[in-house]
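Undergrad: Going by the numbering used here, the final residue of the sequence shown carries number 612, and the count climbs one at a time with no gaps. The beta carbon of each residue, even a glycine, is placed where N, CA and C say it ideally should be. If you're wondering where the values come from, they're calculated on a predicted model, not measured in any experiment.
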Amino acid sequence: MYIYSRSPLIAPILFMIKYTTPLAVAITDNARFDKKIYRFLKKWVRESHNETLLRFDQSLEAYLADGALRDFFLSRPNALQELLQMSSILKHLSRPAKRVYFEPSSGDPILATTEQRIYNLARRICVEGTHIPFRSVQPNKQTEAGDNAAINTYPEDSEQIRYNSGNHFASRPANNNVFQENSRSVSKIAAEHLHVYFQEGFLEDRLHDAITLSKAMQLAGRMEELYFVICSRHSQKEGHFGVSLLIMDPSNPYFPERVIVCDTLLKELPQHPRWWPHFVEEFTNVFGPAVIELIEDASHPLQKVNIKGDNPYNHDWDCPYYATMMAKALAQLVVADNKLLRSGTLQDIHLSMARRMPEYYQQDDRIRDRQEIRHANQLKR
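Right, dumping it as structure tokens:
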């Protein structure tokens with residue numbers, strides 16, 4: 232189920248759409264989908280007696296209600312692909328977000344029973360490439376049939392499994408598909424003088440990469456300024472995502488001309504979150520202590536601070552999306568107005584970035600209501 236749009240033309244008006252449909256509409260859509268899967272499985276059972284591995288002495292109705300879909304996935308090497316070949320099934324799984332009802336308190340989408348099973352079984356039984364980010368729960372949090380298991384059914388001695396994080400739509404970790412998609416969307420903005428380092432790994436590694444390229448340009452006799460937009464985790468000590476803009480002069484490849492960093496926490500500048508020293512430490516490890524005087528903070532206060540005692544689904548796991556939008560805004564600015572980044576004020580840079588993030592900022596440059604921001608991120612999921 233794709234609950235986002237890749238179209239840049241749609242993004243500016245996403246916040247005006249009422250994303251949730253009435254619960255009754257969602258229930259009707261889901262019931263219709265369950266019936267389609269039921270009919271599909273009934274036909275499959277009649278034609279494939281040798282593949283109904285776990286039917287045993289169950290009635291046909293009981294088997295279709297509980298184990299048939301699991302057997303279909305176990306017996307067919309390309310089960311998900313076969314289902315997607317049916318236009319009626321594909322239409323439901325690819326419906327837009329405005330036809331999905333999100334439960335207000337948890338933010339969970341209300342999915343059809345068989346729809347949730349499809350996502351869970353694809354993750355548990357099929358190859359990695361069929362794992363659709365955010366749609367499934369971990370295999371050890373599933374029932375045999377592929378339903379989401381109730382928390383009170385987890386083994387009492389398995390605290391790591393019992394921990395609620397990852398059970399809810401807003402807190403489920405994505406696989407590499409999401410990171411790679413975000414990386415592609417930003418990296419394609421790269422130009423001759425703009426280098427986008429949106430990669431797995433840590434900030435310090437990317438800073439060394441910037442020095443290496445600057446030295447190579449110096450040796451080649453090319454002395455035009457280089458712009459590096461970096462999106463990475465801070466460090467092995469602190470895995471929070473952050474974004475940096477590095478302006479380098481190849482004539483001096485060991486020290487930057489300007490450094491602008493962007494964090495995502497709700498805070499009043501010049502205050503910094505607790506992991507700020509880890510962020511800055513990576514710069515000093517590469518450029519020495521003098522770089523501290525050069526670091527400017529253009530953070531965007533998009534992310535809610537986790538408060539001890541919050542329900543896990545209230546925690547903000549959207550940092551990669553915020554970081555992606557900041558990286559994209561910086562990359563677009565390098566292409567459109569690198570003079571602003573080279574010599575403009577930090578306030579003007581911050582405002583120019585905000586105007587390139589319509590999902591998160593209003594036209595008057597004020598940050599959107601948190602509920603609107605959550606809806607924007609739901610679409611991206």
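1) Ser336: which of Arg489, Gln602 and Ala376 sits nearest, CA to CA?
2) Quick one: residues in its chain with C-beta nearer than 6 Å to the C-beta of His323, no 5 flanking neighbours on either side, listed in chain order?
3) Could you tell me which whole beta strand (DSSP E) segments of length 3 or greater appear in the region 525-597?
4) My parser needs the alpha helix (DSSP H) runs of 4 or more residues fully inside the region 371-457; what are they?
5) Mind pulling the alpha helix (DSSP H) runs of 4 or more residues that sit fully within the region 252-286?
6) Terminal residues of the continuous beta strand (DSSP E) containing Ser475?
7) Say the cut is 8 Å; is the CB of Ala567 nearer than that to a heavy atom of the ligand NAD?
8) Roughly how far, in whole angstroms, is the beta-carbon of Glu513 from the beta-carbon of Leu438, given that I think they are within contact range, below 8 Å?
9) Going by DSSP in three states, Pro340 sits in which element: helix, strand or coil?
10) Which of helix, strand or coil does DSSP assign to Ile363?
11) Check Phe486 in the structure and name its three-state DSSP category.
12) If we count the other Cβ atoms within 10 Å of its Cβ and call it buried at 16 or more, is Pro481 buried or exposed?
13) Tell me where the alpha helix (DSSP H) around Ser319 begins and ends.
14) Among Arg573, Val522, Tyr591 and Ala521, which one has its Cα closest to the Cα of Glu456?
15) At the level of alpha carbons, what is the spacing between Asn516 and Met448?
16) Going by alpha carbons, who is nearest to Gln609 out of Asn569, Arg597, Arg330 and Ile382?
17) Secondary structure at Arg464, three-state DSSP: helix, strand or coil?
18) To the nearest whole angstrom, what separates the beta carbons of Leu582 and Asp596, a pair I think is in contact under 8 Å?
19) Thinking C-alpha only, which one of Gln373, Leu571, Arg307 and Glu469 is nearest Val511?
20) Do Ala376 and Ser367 have their CB atoms nearer than 9 Å?
21) For Tyr485, count the other beta carbons within 10 Å of its own beta carbon; 16 or more makes it buried, fewer makes it exposed. Which is it?
22) Take Glu431 as the anchor and find which of Ile382, Phe518 and Arg464 has the nearest alpha-carbon.
23) The alpha helix (DSSP H) spanning Trp507 covers which residue range?
24) Mapping the DSSP letters down to three states, classify Val331 as helix, strand or coil.
25) By the DSSP assignment, the alpha helix (DSSP H) with Leu300 in it spans what residues?
26) Measure from the alpha carbon of Ala343 to the alpha carbon of each residue in Ala293, Leu314, Ser325 and Asp260, then state which is nearest.
27) Does any CB atom of chain D fall closer than 9 Å to the CB of Met556?
28) Counting C-beta neighbours from all protein chains within 10 Å, is the total for Lys611 16 or more, i.e. buried, or is it exposed?
29) Which term fits Asn483, buried or exposed, when burial requires 16 or more other beta carbons within 10 angstroms of its beta carbon?
30) Going by Cα to Cα distance, which pick from Ile258, Ser530 and Asn351 is closest to Leu305?
31) Could you check where the alpha helix (DSSP H) with Ile604 kicks off and where it finishes?
32) Using the three-state DSSP reduction, which class does Val358 fall into: helix, strand or coil?
33) Decide if Ile523 is buried, meaning its Cβ has at least 16 other Cβ atoms within 10 Å, or exposed.
34) State the beta-bridge partners of Val492 as determined by DSSP.
35) Which word fits Lys372, buried or exposed, when buried means at least 16 other C-beta atoms lie within 10 angstroms of its C-beta?
TA: Working from what's here:
1) Gln602
2) Phe264
3) 526-528
4) 390-393, 407-418 and 434-450
5) 254-278
6) Phe472 to Met479
7) Among the ligands in the structure shown, none appear at all, so the ligand NAD cannot be discussed.
8) Between Glu513 and Leu438 a beta carbon distance of about 7 Å is seen, short of the 8 Å cut, so the two are scored as contacting.
9) strand
10) coil
11) coil
12) buried
13) Where Ser319 is concerned, the enclosing alpha helix (DSSP H) stretches over Ser318 to Leu324.
14) Arg573
15) Asn516 and Met448 have their C-alpha atoms spaced approximately 23 Å apart.
16) Arg330
17) strand
18) 6 Å
19) Nearest Cα to Val511 within the set Gln373, Leu571, Arg307 and Glu469: Glu469.
20) no
21) Burial call: exposed.
22) Arg464
23) Trp507 to Phe518
24) Here Val331 carries a coil assignment [DSSP, helix/strand/coil].
25) Start and end: Ala299 to Ser306.
26) Minimum Cα distance to Ala343 is reached at Asp260.
27) Among the protein chains of the structure shown there is no chain D, as only one such chain exists.
28) buried
29) exposed
30) For Leu305, the closest C-alpha among the options Ile258, Ser530 and Asn351 is that of Asn351.
31) For Ile604, the enclosing alpha helix (DSSP H) has its first and last residue at Arg601 to Lys611.
32) coil
33) exposed
34) Ser475 and Asp528
35) buried
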